[in-house]
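Trainee:
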Amino acid sequence: MGKTIAEKIFDAHRVDEPFPDTHVLKLDRVFCHEITTPIAITDLMARGMDRVFDPTKIKAVIDHVTPAKDSKTAAQGKILRDWARRHDIKDFFDIGKNGVCHAIFPEKGFVRPGYTIIMGDSHTCTHGAFGAFAAGIGTTDLEVGILKGVCAFHFPKTIKIVLTGALQPGVYAKDLILFIIKELTVNGATNMVIEFTGPVVDAMSMESRMTLCNMAIEAGGTCGICYPDMTTVDYLWDFIQDEFATKADALADYSKWVSDADAEYERVLEYNVSELQPMVTVGFKPDQVKTVAEMTGTKVDQIYIGSCTNGRIEDLRIAAEVLKGKKISDNVRAIVSPATPAIYSMALKEGIIEIFQDAGFCVTNPTCGACLGMSNGVLAEGEVCASTTNRNFNGRMGKGGMVHLMSPASAAAAAISGTIENSFLFKA
Amino acid sequence: MKTFKGNVLFLDRSDINTDEIIPAKYLTEITKEALKPNLLEDLVLPGFSRADTEDKAVIVTRENFGCGSSREHAPWALEVNGINVVIAESFARIFRQNMYNCGMFAIELPKETIDGLFANYAGKAVTMAVDVDRNQITIQADGKSETIDFKVGEFDQTLVKEGGWVGYADKNY
Numbered sequence: 000m001g002k003t004i005a006e007k008i009f010d011a012h013r014v015d016e017p018f019p020d021t022h023v024l025k026l027d028r029v030f031c032h033e034i035t036t037p038i039a040i041t042d043l044m045a046r047g048m049d050r051v052f053d054p055t056k057i058k059a060v061i062d063h064v065t066p067a068k069d070s071k072t073a074a075q076g077k078i079l080r081d082w083a084r085r086h087d088i089k090d091f092f093d094i095g096k097n098g099v100c101h102a103i104f105p106e107k108g109f110v111r112p113g114y115t116i117i118m119g120d121s122h123t124c125t126h127g128a129f130g131a132f133a134a135g136i137g138t139t140d141l142e143v144g145i146l147k148g149v150c151a152f153h154f155p156k157t158i159k160i161v162l163t164g165a166l167q168p169g170v171y172a173k174d175l176i177l178f179i180i181k182e183l184t185v186n187g188a189t190n191m192v193i194e195f196t197g198p199v200v201d202a203m204s205m206e207s208r209m210t211l212c213n214m215a216i217e218a219g220g221t222c223g224i225c226y227p228d229m230t231t232v233d234y235l236w237d238f239i240q241d242e243f244a245t246k247a248d249a250l251a252d253y254s255k256w257v258s259d260a261d262a263e264y265e266r267v268l269e270y271n272v273s274e275l276q277p278m279v280t281v282g283f284k285p286d287q288v289k290t291v292a293e294m295t296g297t298k299v300d301q302i303y304i305g306s307c308t309n310g311r312i313e314d315l316r317i318a319a320e321v322l323k324g325k326k327i328s329d330n331v332r333a334i335v336s337p338a339t340p341a342i343y344s345m346a347l348k349e350g351i352i353e354i355f356q357d358a359g360f361c362v363t364n365p366t367c368g369a370c371l372g373m374s375n376g377v378l379a380e381g382e383v384c385a386s387t388t389n390r391n392f393n394g395r396m397g398k399g400g401m402v403h404l405m406s407p408a409s410a411a412a413a414a415i416s417g418t419i420e421n422s423f424l425f426k427a
Numbered sequence: 000m001k002t003f004k005g006n007v008l009f010l011d012r013s014d015i016n017t018d019e020i021i022p023a024k025y026l027t028e029i030t031k032e033a034l035k036p037n038l039l040e041d042l043v044l045p046g047f048s049r050a051d052t053e054d055k056a057v058i059v060t061r062e063n064f065g066c067g068s069s070r071e072h073a074p075w076a077l078e079v080n081g082i083n084v085v086i087a088e089s090f091a092r093i094f095r096q097n098m099y100n101c102g103m104f105a106i107e108l109p110k111e112t113i114d115g116l117f118a119n120y121a122g123k124a125v126t127m128a129v130d131v132d133r134n135q136i137t138i139q140a141d142g143k144s145e146t147i148d149f150k151v152g153e154f155d156q157t158l159v160k161e162g163g164w165v166g167y168a169d170k171n172y
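Note that the protein sequences, when read in sequence, are chains P and D. Reminder that position 1 of the first sequence reads as 0 in numbering that gives the first Met the number 0, one-by-one numbering, no gaps. Reminder that position 30 of the second sequence reads as 29 in numbering that gives the first Met the number 0, one-by-one numbering, no gaps.
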């Protein structure tokens, strides 16, 4: 019997199996941010164990509330900053250089096929887009990861999703993952890895693959995974060209991180996506999904474009294409947060920031803030947000607020009309 | 080891997420105690009020408890309110592991058993006690007593007995 990519990664990293179905894996990366890491740091200090297993494998960023909004968030930043300095963690991204963790860490070349990665953040599953096993964990697992460079997991049971056909113009990876979550339900992939495969994924950019894998957790999944291919190699080439003579050599090496044809799966689901329409969430669970057409006319108060799901350059380009030469409705306010400084710079050079500003958007610095109602765009009670983020939980973007998750194109369309609309209405 | 005994809070809903258990705006706290007043503040459940969590030690609920964010603040908010046991049909992976990593119990029982607990005990004054060595829950209500067996993996049981994952990992890796 063959093995899945996740099983192969487990086999290459297992350091212990102390109990049945308990796989202790060696970690290639431990990512940290200022919300879940400070308590791990203070606990390690209190235990007299203020050490790190390898400062070159730990990467840290202040991203959730930046600039600090009050004394408490300033203190969280300070704990992380002081710790990074104390332990000589060179890849620490403070304000001016910081961005949303799941956008900036891939952009800096920290993720490679076959890696094991943990972070105290549920959307760590994003990094599976590179053919890595990347899982969100809590502060205690993070603490052990920082200290010992290991983490324990159950066997990676896997759901394989085969995507065939071709996405229609105006339909994006976000629409596809909302559809898949609706199919799987919010706990349909609990304790499982979700493999995204097939010609639709093969044709996708790394940005789109990250959007897919990012929301694996919304179906309960431990990690979303795409097989590494030439698109992966192209994205990483600046960082790996010293390791390989040619891109073909890199691809040949990375090809060991692909599931065998006779691998065993919990479920295999195949969808032809050619008829898929733009999708949007309703209610307070991410599996409550309808087509944009069904929700057309629903009034919104705020538009938010950004986050680890849809704050990358591809997303801003897609939104700008809809917004170009148009104004947002007088009945809404709109915010865009490019996910990293590099994305912000690209968007400036390409004239995208100007398009957003001319349309009436507020352009903020890179931060997670609004997505979880912490800063930079919190909703008031009774308000509705058209958002490119990943969670529509009750109160997520502000107590008493309602969030409709959608693609950047659909969010741009909602900004123009003040209601949920299909973006093709506004395309040139 | 923590204590696993006391009054029961019944939450009759599936998919209670960690944003409901402790909203993100409290994630700026850097002590666990500070989370105490805000447990289940955003829970969507008709008839529920924050006062219902007082003097409780065990939660009984439905499917997929603790889904969403990885925040360990969710188990901590339970812990500082004296709740070290959650019994459910199923849990989200990260929440479940966080519970055991903190030396707390996230016990899964079959749907029929959970249905029975709600049918027989919800709304009554009921206490439960978890026996760590025998993998048994003892329920007391109306002067009567009932025991239910549960399954827990060896790793999780070890974490409960050792009081969490940090000490275990430090010793072994």
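Yeah, the Cβ is synthetic: ideal placement off N, Cα and C, and Gly gets one too.
Taking the alpha-carbon of residue 3 of chain P as reference, which of P/172, P/267, P/361 has the nearest alpha-carbon?
Mentor: Taking the first residue of the first sequence as position 1, residue 3 of chain P is located at position 4. Residue 3 of chain P has its Cα closest to that of P/267, out of P/172, P/267, P/361.
Trainee: Indicate whether residue 154 of chain D and residue 189 of chain P have their beta-carbon atoms separated by less than 7 Å.
Mentor: If you number the second sequence from 1, residue 154 of chain D lands on position 155. If you number the first sequence from 1, residue 189 of chain P lands on position 190. No, these two residues do not count as a Cβ contact at 7 Å.
Trainee: Closer than 7 Å by C-beta to residue 160 of chain D: which residues in its own chain qualify, once you throw out the five before and the five after it? Chain order, please.
Mentor: Position 161 of the second sequence, counting from 1, holds the residue named residue 160 of chain D. Correct list, in chain order: 0, 131.
Trainee: I want to verify the contact list: residues of chain P whose CB lies under 9 Å from the CB of residue 169 of chain D, in sequence order.
Mentor: If you number the second sequence from 1, residue 169 of chain D lands on position 170. Chain P residues near residue 169 of chain D: 46, 48, 143, 146, 147.
Trainee: Specify whether the region 295 to 308 of chain P and the region 196 to 214 of chain P touch according to this definition: at least 3 beta carbon pairs, one from each stretch, less than 8 Å apart.
Mentor: Contact between the region 295 to 308 of chain P and the region 196 to 214 of chain P is present, because at least three Cβ pairs lie under 8 Å.
Trainee: Taking Cβ positions, are residue 223 of chain P and residue 193 of chain P nearer each other than 7 Å?
Mentor: Taking the first sequence and counting its residues from 1, the one referred to as residue 223 of chain P is at position 224. Taking the first sequence and counting its residues from 1, the one referred to as residue 193 of chain P is at position 194. Cβ atoms of residue 223 of chain P and residue 193 of chain P: closer than 7 Å.
Trainee: Any chance you could list the beta strand (DSSP E) runs of at least 3 consecutive residues sitting entirely within the region 307 to 335 of chain P, in chain order?
Mentor: Runs of the beta strand (DSSP E) inside the region 307 to 335 of chain P: 332 to 335.
Trainee: Relative to the alpha-carbon of residue 157 of chain P, which residue among P/196, P/173, P/168 has its alpha-carbon at the smallest distance?
Mentor: Along the first sequence, one-based indexing puts residue 157 of chain P at 158. Ranking P/196, P/173, P/168 by Cα distance to residue 157 of chain P puts P/196 first.
Trainee: Tell me where the beta strand (DSSP E) around residue 409 of chain P begins and ends.
Mentor: As a first step, residue 409 of chain P is located in the first sequence; it is residue number 410 there, counting from the start. Not the beta strand (DSSP E): residue 409 of chain P falls in the alpha helix (DSSP H), residues 407 to 416.
Trainee: Can you tell me whether DSSP reads residue 134 of chain P as helix, strand or coil?
Mentor: In the first sequence, residue 134 of chain P corresponds to position 135, counting from 1. Strand, per DSSP.
Trainee: So what does residue 271 of chain P bridge to, in DSSP terms?
Mentor: The sequence position of residue 271 of chain P within the first sequence is 272, counting from 1. Residue 271 of chain P is bridged to P/163.
Trainee: Take every Cβ of the region 236 to 254 of chain P, pair it with every Cβ of the region 270 to 283 of chain P, and state whether three or more of those distances are shorter than 8 Å.
Mentor: Result no; under three Cβ-Cβ pairs closer than 8 Å.
Trainee: Let me confirm a value: residue 70 of chain P is counted as buried when at least 16 other C-beta atoms fall within 10 Å, else exposed. Which label applies?
Mentor: Against the first sequence, residue 70 of chain P aligns to sequence position 71. Residue 70 of chain P is exposed by the Cβ-count criterion.
Trainee: What do you get for residue 198 of chain P, buried or exposed, if any count of 16 or more other CB atoms within 10 angstroms of its CB means buried?
Mentor: Taking the first sequence and counting its residues from 1, the one referred to as residue 198 of chain P is at position 199. Residue 198 of chain P comes out exposed.
Trainee: Is residue 375 of chain P close to chain D, meaning its C-beta is less than 7 Å from at least one C-beta of that chain?
Mentor: Sequence index remark: in the first sequence, residue 375 of chain P carries index 376 (1-based). It does not; no Cβ of chain D falls within 7 Å.
Trainee: What's the call for residue 14 of chain D, buried or exposed, on a 16-neighbour Cβ count within 10 Å?
Mentor: By 1-based counting over the second sequence, the position of residue 14 of chain D is 15. Per the 10 Å Cβ criterion, buried.
Trainee: Would you say residue 78 of chain D reaches chain P, if we count a Cβ-Cβ gap shorter than 7 Å as a contact?
Mentor: Residue 78 of chain D sits at position 79 when you count from the first residue of the second sequence. Answer no: the Cβ-Cβ gap between residue 78 of chain D and chain P never drops below 7 Å.
Trainee: How is the beta strand (DSSP E) around residue 190 of chain P delimited, first residue to last?
Mentor: On the first sequence, residue 190 of chain P is found 191 positions in, with the first residue counted as 1. Neither: residue 190 of chain P is in no beta strand (DSSP E) and is coded neither H nor E.
Trainee: Does DSSP put residue 403 of chain P in a helix, a strand or coil?
Mentor: The residue labelled residue 403 of chain P in the question sits at position 404 within the first sequence. Strand.
Trainee: In whole angstroms, give me the CA-to-CA distance for residue 42 of chain P and residue 143 of chain P.
Mentor: Indexing the first sequence from 1 puts residue 42 of chain P at position 43. Indexing the first sequence from 1 puts residue 143 of chain P at position 144. So the alpha carbons of these two residues sit roughly 11 Å apart.
Trainee: Checking contacts by CB at 7 Å: is residue 86 of chain D closer than that to chain P?
Mentor: If you number the second sequence from 1, residue 86 of chain D lands on position 87. No, residue 86 of chain D lies away from the interface with chain P (no Cβ there is under 7 Å from its Cβ).
Trainee: As a quick exercise: from D/67, D/8, D/140, pick the residue whose alpha carbon is nearest that of residue 44 of chain D.
Mentor: In the second sequence, the residue the question calls residue 44 of chain D occupies position 45. Ranking the options by Cα distance to residue 44 of chain D, first place goes to D/8.
Trainee: Hey, how far is the Cα of residue 65 of chain D from the Cα of residue 21 of chain D?
Mentor: Along the second sequence, one-based indexing puts residue 65 of chain D at 66. Along the second sequence, one-based indexing puts residue 21 of chain D at 22. Cα to Cα, residue 65 of chain D sits roughly 10 Å from residue 21 of chain D.
Trainee: Considering just the uninterrupted stretch of the alpha helix (DSSP H) at residue 44 of chain P, what are its terminal residues?
Mentor: Counting from 1 along the first sequence, the entry for residue 44 of chain P is found at position 45. Start and end: 36 to 45.
Trainee: So, does the CB of residue 36 of chain D fall closer than 7 Å to a CB anywhere in chain P?
Mentor: Looking up residue 36 of chain D in the second sequence gives position 37. So no, residue 36 of chain D is outside the interface.
Trainee: Would you mind working out which of D/115, D/141, D/136 sits nearest residue 124 of chain D, comparing C-alpha positions?
Mentor: As a first step, residue 124 of chain D is located in the second sequence; it is residue number 125 there, counting from the start. Checking every option, the nearest Cα to that of residue 124 of chain D belongs to D/141.
Trainee: Between which two residues does the beta strand (DSSP E) harbouring residue 385 of chain P extend?
Mentor: For the purposes of this step, residue 385 of chain P is taken as residue 386 along the first sequence, with counting starting at 1. First-last of the beta strand (DSSP E) with residue 385 of chain P: 383 to 386.
Trainee: For the beta strand (DSSP E) holding residue 28 of chain P, just list the boundary residues, first then last.
Mentor: For the purposes of this step, residue 28 of chain P is taken as residue 29 along the first sequence, with counting starting at 1. Here the beta strand (DSSP E) through residue 28 of chain P covers 28 to 32.
Trainee: Which residues in chain D have a C-beta closer than 8 Å to the C-beta of residue 387 of chain P? List them in chain order.
Mentor: Residue numbering aside, residue 387 of chain P sits at position 388 when the first sequence is read from its first letter. Within 8 Å Cβ-Cβ: nothing; residue 387 of chain P doesn't reach chain D, min ~18 Å.
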